[in-house]
Amino acid sequence: MARVNDYGGVRLSAPWCVVMPRGAVAFRIVDRYELAVFLSEANRQATHAELAASDLDQAVENDDSDRLWYSVHSLLIALANLSKLMWPAGDGSRARGLTLRALLGVPDDSPLKTRRFRNHWEHFDARLDKWARKARKPPPNESIGPLSRFPNRNLFLKQYDPKTRKLGFRGQSFELTPVLKAVSRIRQLAYVYGNEAAAGTLNAEKVARAVKARKSPN
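When we follow my numbering, the leftmost residue of the sequence shown carries the number 1222, and every step to the right adds one.
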């Protein structure tokens, strides 16, 4: 039988796993092999997000609107995938999300948490339906340039301001700079910890301490 040690309500067992306290999240075991898989995927999605952001900047420089919106879409998908890794929808995966957020230092108020803008692009047909019904003399449904240029931003479905790196959708805005800073940190830590978890050198008590400090089920 595996050796189990109590660590302030979070238990460790060999080769090691994190056993979540029942009162904090759905009871679940996150072993180092499983953690290595999710850390590797977090690193991959963060890398994809940074590649998309680089493509976006290049599209702006080349004045290529098609590639710009393609890059925005790719960026939002990668950000949403990262968000789902950190804040999974299913109760059975909450321990995984909590462990990743704790280990990678992702706060609960991270700009990465919201998936609202990804949803705008994911359900674009529904948004386009509503916009088209109201636009009897429809202007272009997209704008690239300063958001302040158009007082009534609701006229446009989607906007991007290259100077401020703000994305807009029907008057709502999403700042890319803060979320990309968070992504960069996640990529670096996920790479290091993922390799350590895969090699069996990741300190189990370090993981347990991080999880203990972040017992919130959110």
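Just so it is clear, CB atoms sit at the ideal spot from N, CA and C, and this is done for glycine as well.
Can you give the Cα-Cα distance for Ser1369 and Thr1385, rounded to whole angstroms?
-> By one-based count along the sequence shown, residue 1369 stands at place 148. By one-based count along the sequence shown, residue 1385 stands at place 164. Those two C-alpha atoms are separated by around 11 Å.
Between the stretch 1290 to 1308 and the stretch 1415 to 1429, do three or more beta carbon pairs fall short of 8 Å?
-> Taking 8 Å as the limit for Cβ pairs, the verdict is that the stretch 1415 to 1429 does not touch the stretch 1290 to 1308.
Can you tell which of Gly1326, Gly1415 and Asp1278 has the C-alpha that lies nearest to the C-alpha of Lys1433?
-> Against the sequence shown, residue 1433 aligns to sequence position 212. If you compare the alpha carbons of Gly1326, Gly1415 and Asp1278 with that of Lys1433, the shortest gap goes to Gly1326.
Mind checking Thr1320: buried by the 16 CB within 10 Å criterion, or exposed?
-> Counting from 1 along the sequence shown, the entry for residue 1320 is found at position 99. Thr1320 is buried by the Cβ-count criterion.
Starting from the C-beta of Leu1401, find all residues in its chain whose C-beta is less than 6 Å away, skip the five residues before and the five after it, and write them out in chain order.
-> The residue labelled residue 1401 in the question sits at position 180 within the sequence shown. Non-local C-beta neighbours of Leu1401 in its own chain, meaning closer than 6 Å and more than five positions away in sequence, comprise Ala1274, ordered along the chain.
Cβ neighbour criterion (16 or more within 10 Å) applied to Arg1322 = Taking the first residue of the sequence shown as position 1, residue 1322 is located at position 101. Counting the other Cβ atoms within 10 Å of the Cβ of Arg1322 gives 16 or more, which makes it buried.
Among Ile1365, Leu1303 and Gly1318, which has the Cα closest to the Cα of Ala1280?
-> Taking the sequence shown and counting its residues from 1, the one referred to as residue 1280 is at position 59. The option with the nearest alpha carbon to Ala1280 is Ile1365.
Would you mind sorting Asn1283 into buried or exposed? The rule is 16 or more other CB atoms within 10 Å of its CB.
-> Numbered from 1 along the sequence shown, position 62 holds the residue referred to as residue 1283. Its Cβ having fewer than 16 others within 10 Å, Asn1283 is exposed.
Per-residue DSSP class, three states only, for Ser1314 | Taking the sequence shown and counting its residues from 1, one reaches residue 1314 at position 93. Looking at Ser1314 - three-state DSSP - the assignment turns out to be helix.
How would you label Gly1311, buried or exposed, when you count the other beta carbons within 10 angstroms and need 16 or more for buried?
-> What you label residue 1311 is simply residue 90 of the sequence shown in a count that begins at 1. Looking at its Cβ environment, which holds fewer than 16 other Cβ atoms inside 10 Å, Gly1311 is exposed.
Per-residue burial, Ala1411 [other beta carbons within 10 Å of its own, 16 or more giving buried] | Numbered from 1 along the sequence shown, position 190 holds the residue referred to as residue 1411. Ala1411 is classed as buried because its beta carbon has at least 16 other beta carbons within 10 Å across all chains shown.
So, is Arg1214 buried or exposed, given that buried needs 16 or more other C-beta atoms within 10 angstroms?
-> This structure leaves residue 1214 out entirely; the chain is present only between 1222 and 1439.
Any C-beta of chain D under 8 Å from that of Ser1292 = Of the protein chains in the structure, only one exists, and it is not chain D.
Asp1330 versus Leu1324, Ser1314 and Trp1308, residue with shortest Cα-Cα distance | Locating residue 1330 in the sequence shown gives position 109, where the first residue counts as 1. Relative to Asp1330, the option among Leu1324, Ser1314 and Trp1308 whose CA is nearest is Trp1308.
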